[in-house]
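For reference, the structure is listed below as structure tokens.
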Amino acid sequence: MATTAPASWGRYPSSHPHRLLPCRDARVPALPDEPQFCLPFGNGRSYGDICLNNGGALLLTRGMDRFIAFDPVTGLLRAEAGVLLSEILALIVPQGWFLPVTPGTQFVTLGGAVANDVHGKNHHLAGSFGGHVRAFELLCSDGSRLTCTPERNADWFRATVGGLGLTGLITWVEIQLQRIANPWIVAENRRFARLDEFLTLNAEYEARYPYTVSWIDCAARGGALGRGIYMAGMHAPPGLMKPPPSERRALTVPFAPPVSLVNNLSVRGFNWLYYHLPRPARGLTPFPPFFYPLDNLREWNRLYGRPGFFQYQCVLPPAVAREALREVLARIAASGQGSMLAVLKRFGDQASGGLLSFPRPGFTLALDFPNLGQKTLDLLESLDQVTRQAGGAVYPAKDARMSGDSFRRYFPQWVEFSRFIDPRFSSSFWRRVMKD
Amino acid sequence: MRNILIIGATSAIAEATARRFAAGGARFHLVGRNAERLAAIARDLEIRSGQPVVSESLDLDHLEQHPALLERAEQALGGIDVALIAHGTLPDQNACQQSVEKTLAAIHTNALSVISLATLLANTFERREYGALVVIGSVAGDRGRQSNYVYGAAKGMVSLFLQGLRNRLSGKGIQVITIKPGFVDTPMTAAFEKKGLLWAQPDQIAQGIVAAVERGRDEVYLPWFWRWIMLIILHIPERLFKRLKL
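Each protein sequence line maps, in turn, to chains A and B. My numbering applies: residue 1 is where the first sequence begins, and numbers increase by one. My numbering applies: residue 1 is where the second sequence begins, and numbers increase by one.
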């Protein structure tokens, strides 16, 4: 039912699926008969090509958007895989529940959150999304349906969590929600002048707050390298709340300009201002701007212009993180590329639930880069050198360019994983990283 | 809390409308053809509204079953406040041209069964002196065109019927609302190439339907711009219109 050919959030690469197959409900008797390779497509919020299937068919899952069960006493929720996290929040928050883990946008589908084993600001406490999934159903192309839980069909569970949609179609998902007293967040902001200061602050704040993340000024160099703002938050305790805020009106970027509005000049200006602007040290904020600062600027990806943009998110193991982070930031600052959106966070030590899950102990850095062609690809490849050497990994959900060699080093369990790929499923991403 | 009867509850527009009503607090009685899909929608609306939902699957072509159906809904809800008639099919125009049987079947489903339900509901509402009857028509019912005049004739009949009903019930506290959507991206229109600004999503139509009930409107084009498009189309002289490829 899509009106246009689906694209990923980075608007790169462009893709030409051979067929679009809308899935309208979770009880479809079998997958549509389709000779080409299939791939589920949710809401198109992954950045690169894991949600694209050039020349193949896309199973559009947004039509599968019904709630199946919700117990307001235990917080167990079951819904079809095409439901958006925003729709779940609209249902559960007024009843005193919240997502156990949430990524930086609420406009992802439940199935997509499982297939990418997404993480959020509370990773150091709660681990990744897959750890809160109690069950899901996997529809395979031979028509069989597997109910998977951490105990039942456990191998399929491990393959499908973080499995990039390749193991079959997830039709419904059951998750355990967390209790909240009200929709407010107690948030704290602290400026830090360099990377070492971040590391000190992080140790201190992680002990006190379930949600932590830092914005990094990736244009700063030399003595200011790694400066930024530390943001921490917790769900407000009972009694501590304000009257409900008026609904914020969403703005929409109307179209993609021919060239990126995000460039060296605008990034330097914005970052300088963002770093220096006074902000309240501590305050009460509604949860949406705290978790989803960009969700009120609809279609913000258009700001990067028609060529689109890359996102680079890596994780660097704790032992070498300090040096490797400095190296990555220095290379970006020297290149004059990079954008306003750079975030740094420590992943906790919890093991992720999926064979191909990205989160692992260490520090994770995520940045956007306007697509300037070869120049940008060269920079990202040079960042990959650092990540590879550090023994880190790059997040497939955000990738559009890593080499097959890099992928297989970052995800050595791909061999075991490939046994679980549905024979009729594939993606542009998967063909790319299996090629060379 | 409103008590809402939805006939054709598995249609994409009806489902989107029900969700919007559910968010404001509502109790539903759902009628549809596909039992399995209906059950999934009923469960979803129960969770969204926090109220039990009754659903029954029925082939609405059986007009003789309509009185009992409405009786059951009236009982289950304890009085219907809003009735939304949303069922219908999009017949294959070419197949209809070759078959009287198919043409009449399309008219039966899209016009006669709607008129049967509307008559019964109107009489119930009239006795009670309240109620809102909302019927999903179509811009296709405003003027006959070669590409879909069977569907258009059925929708046009419903539209005229509702005008008369509205006139009859005016001043009696009863709303009769005709919804005329333009092109909507739904499974019913899956065969069309859906590009361009004229296509709307079911939720946009749903928003307009809820607003029409709140504001007590009579005939509503959705999205709004169809009113002006249809105004132009209605004013093209037939001598010219008959030669257009529409």
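Glycine included, each C-beta is placed from N, C-alpha and C at the ideal position. Every value quoted in this text rests on a predicted model; they were computed, and no experiment measured them.
Problem - Near-chain A residues of the region 215-231 of chain B (beta-carbon distance less than 9 Å), N- to C-terminal order - result: none
Practice task
Quick one: list the residues of chain A neighbouring E36 (chain B), beta-carbon separation under 9 Å, in chain order.
Solution key: By one-based count along the second sequence, residue 36 (chain B) stands at place 36. Correct list: D25, R27.
Practice task
Helix, strand or coil for A14 (chain B), going by three-state DSSP, please let me know.
Solution key: Translated into the one-based positions of the second sequence, residue 14 (chain B) becomes position 14. Correct three-state label for A14 (chain B): helix.
Practice task
Could you run through the region 59-80 of chain A and flag, in chain order, every residue whose CB is less than 7 Å away from some CB of chain B?
Solution key: Correct list: R66, F67, I68, F70.
Handout entry: Cβ contact (3+ pairs, closer than 8 Å) linking the region 240-252 of chain A and the region 194-202 of chain A
Key = no
Exercise for the section: Determine the burial state of T10 (chain B): buried for a count of at least 16 other Cβ atoms within 10 Å of its Cβ, exposed for fewer. Expected result: Numbered from its first residue, the second sequence carries residue 10 (chain B) at position 10. By the beta-carbon neighbour count (other beta carbons within 10 angstroms, threshold 16), T10 (chain B) is buried.
Handout entry: Minimum Cβ-Cβ distance from D44 (chain B) to chain A less than 8 Å
Key = The residue labelled residue 44 (chain B) in the question sits at position 44 within the second sequence. Yes, its Cβ sits closer than 8 Å to a Cβ of chain A.
Handout entry: Close beta carbons around S46 (chain A), own chain, < 6 Å, minus the five adjacent residues each side
Key = Numbered from its first residue, the first sequence carries residue 46 (chain A) at position 46. Only S8, A397 meet the Cβ criterion.
Problem - Three-state secondary structure (DSSP) of R27 (chain A) - result: The residue given as residue 27 (chain A) occupies position 27 in the first sequence. Correct three-state label for R27 (chain A): coil.
Practice task
Buried or exposed for I232 (chain B), please, with buried defined as at least 16 other CB atoms from any protein chain shown within 10 angstroms of its CB.
Solution key: Your numbering for residue 232 (chain B) matches position 232 in the second sequence. Flag for I232 (chain B) reads exposed.
Exercise for the section: For I421 (chain A), collect the residues of the same chain with a Cβ closer than 6 Å to its Cβ; drop the 5 residues on either side in sequence, then sort them by chain order. Expected result: Stepping through the first sequence from its first residue, residue 421 (chain A) is reached at position 421. Hits under 6 Å: L166.
Problem - Buried versus exposed call for P370 (chain A) [16 or more other C-beta atoms within 10 Å across all chains shown] - result: For the purposes of this step, residue 370 (chain A) is taken as residue 370 along the first sequence, with counting starting at 1. Looking at its Cβ environment, which holds 16 or more other Cβ atoms inside 10 Å, P370 (chain A) is buried.
Practice task
Look at Y12 (chain A) and F291 (chain A) and say whether their C-beta atoms are less than 8 Å apart.
Solution key: In the first sequence, counting from the first residue as 1, residue 12 (chain A) sits at position 12. In the first sequence, counting from the first residue as 1, residue 291 (chain A) sits at position 291. For Y12 (chain A) and F291 (chain A), no; Cβs fall outside 8 Å.
Handout entry: Buried/exposed call for G56 (chain A), threshold 16 Cβ in 10 Å
Key = In the first sequence, the residue the question calls residue 56 (chain A) occupies position 56. So G56 (chain A) counts as buried.
Exercise for the section: Taking 8 Å as the threshold, find out whether the region 131-139 of chain A comes into contact with the region 166-186 of chain A through three or more Cβ pairs. Expected result: yes
Problem - Residues that P187 (chain B) contacts on chain A, provided the C-beta gap is smaller than 7 Å - result: The residue labelled residue 187 (chain B) in the question sits at position 187 within the second sequence. Within chain A, the residues near P187 (chain B) are R24.
Exercise for the section: May I have the straight-line CA-CA distance separating D185 (chain B) from D384 (chain A), to the nearest angstrom? Expected result: If you number the second sequence from 1, residue 185 (chain B) lands on position 185. If you number the first sequence from 1, residue 384 (chain A) lands on position 384. Cα-Cα distance, rounded: 43 Å.
Exercise for the section: Give every residue of the same chain whose Cβ lies closer than 6 Å to the Cβ of T17 (chain B), excluding the five residues on either side of it in the sequence, and list them in chain order. Expected result: For the purposes of this step, residue 17 (chain B) is taken as residue 17 along the second sequence, with counting starting at 1. The answer, listed in chain order, is A206, I209.
Handout entry: Reduced DSSP category for Y209 (chain A) - H, G, I as helix; E, B as strand; rest coil
Key = Position 209 of the first sequence, counting from 1, holds the residue named residue 209 (chain A). DSSP places Y209 (chain A) in coil when its eight states are reduced to three.
Practice task
Taking L91 (chain A) as the query, report the chain B residues whose CB atoms sit under 9 Å from its CB, ordered along the chain.
Solution key: Here the question's residue 91 (chain A) lines up with position 91 in the first sequence. Those are I47, R48, listed as they occur along chain B.
Practice task
Apply the 10 Å Cβ neighbour rule to M434 (chain A) and answer buried if 16 or more other Cβ atoms are within range, or exposed otherwise.
Solution key: Your numbering for residue 434 (chain A) matches position 434 in the first sequence. Answer is exposed; the Cβ neighbour count stays below 16.
Exercise for the section: With DSSP as the reference, please indicate the residues paired to I332 (chain A) in a beta bridge. Expected result: Numbered from its first residue, the first sequence carries residue 332 (chain A) at position 332. Bridge partners of I332 (chain A): none, in fact.
Exercise for the section: Determine the chain A residues that contact I41 (chain B) at a beta-carbon separation under 8 Å, and present them in chain order. Expected result: Start at 1 with the first residue of the second sequence, and residue 41 (chain B) comes out as number 41. Those within 8 Å of I41 (chain B) in chain A are R66.
Handout entry: Integer Cβ distance of L164 (chain A) from S427 (chain A), believed to fall under 8 Å
Key = For this step, residue 164 (chain A) is matched to residue 164 along the first sequence. For this step, residue 427 (chain A) is matched to residue 427 along the first sequence. About 7 Å separates the two Cβ atoms, so the contact holds.
Exercise for the section: Can you give me the Cβ contacts of L121 (chain B) inside the same chain, cut-off strictly under 7 Å, excluding the 5 residues immediately before and after it? Expected result: Locating residue 121 (chain B) in the second sequence gives position 121, where the first residue counts as 1. Same-chain partners within the cutoff: L70, A83, L133.
Problem - For M64 (chain A), three-class secondary structure by DSSP - result: In the first sequence, the residue the question calls residue 64 (chain A) occupies position 64. In this structure, M64 (chain A) counts as coil in the three-state DSSP scheme.
Problem - Inter-residue Cα distance where the pair is S141 (chain A) and L59 (chain A) - result: Working through the first sequence from its first residue, we reach residue 141 (chain A) at position 141. Working through the first sequence from its first residue, we reach residue 59 (chain A) at position 59. The straight-line gap from Cα to Cα measures roughly 12 Å.
Handout entry: CA-to-CA distance, L91 (chain A) to P437 (chain A), given in whole angstroms
Key = Residue 437 (chain A) lies beyond the residue range present for chain A, which begins at 1 and ends at 436; the question has no answer from this structure.
Exercise for the section: Let me know if T178 (chain B) comes out buried or exposed under the rule of 16 or more other beta-carbons within 10 Å of its beta-carbon. Expected result: Within the second sequence, the letter at position 178 stands for residue 178 (chain B). Taking every protein chain shown into account, the CB of T178 (chain B) has 16 or more other CB atoms within 10 angstroms, so this residue is buried.
Practice task
Label Y230 (chain A) either buried or exposed according to how many other C-beta atoms from any shown protein chain fall within 10 Å of its C-beta, with 16 as the threshold for buried.
Solution key: Start at 1 with the first residue of the first sequence, and residue 230 (chain A) comes out as number 230. That one is buried.
Exercise for the section: Please classify H124 (chain A): is it buried, with 16 or more other beta-carbons within 10 angstroms of its beta-carbon, or exposed? Expected result: Indexing the first sequence from 1 puts residue 124 (chain A) at position 124. Buried is the call here.
Practice task
May I ask you to verify whether the region 310-321 of chain A touches the region 91-111 of chain A, counting CB pairs closer than 8 Å and requiring at least 3?
Solution key: no
Practice task
For the alpha helix (DSSP H) holding N54 (chain A), just list the boundary residues, first then last.
Solution key: The residue given as residue 54 (chain A) occupies position 54 in the first sequence. Careful: N54 (chain A) lies outside any alpha helix (DSSP H) and carries neither H nor E.
Handout entry: Start-to-end residues for the alpha helix (DSSP H) that takes in R190 (chain A)
Key = Position 190 of the first sequence holds residue 190 (chain A). First-last for R190 (chain A): 184-192, but that is the beta strand (DSSP E), not the alpha helix (DSSP H).
Practice task
On a CA-only basis, which of A:P103, A:Q36, A:V259, A:A113 is nearest N122 (chain A)? Give me that one, please.
Solution key: As a position in the first sequence, residue 122 (chain A) is number 122, starting the count at 1. Measuring from the Cα of N122 (chain A), the nearest candidate turns out to be A:P103.
Exercise for the section: Figure out for me which residue from A:R221, A:F192, A:R145, A:M234 has the closest Cα to the Cα of R179 (chain A). Expected result: Numbered from 1 along the first sequence, position 179 holds the residue referred to as residue 179 (chain A). When each option's Cα is compared against that of R179 (chain A), the closest is A:M234.
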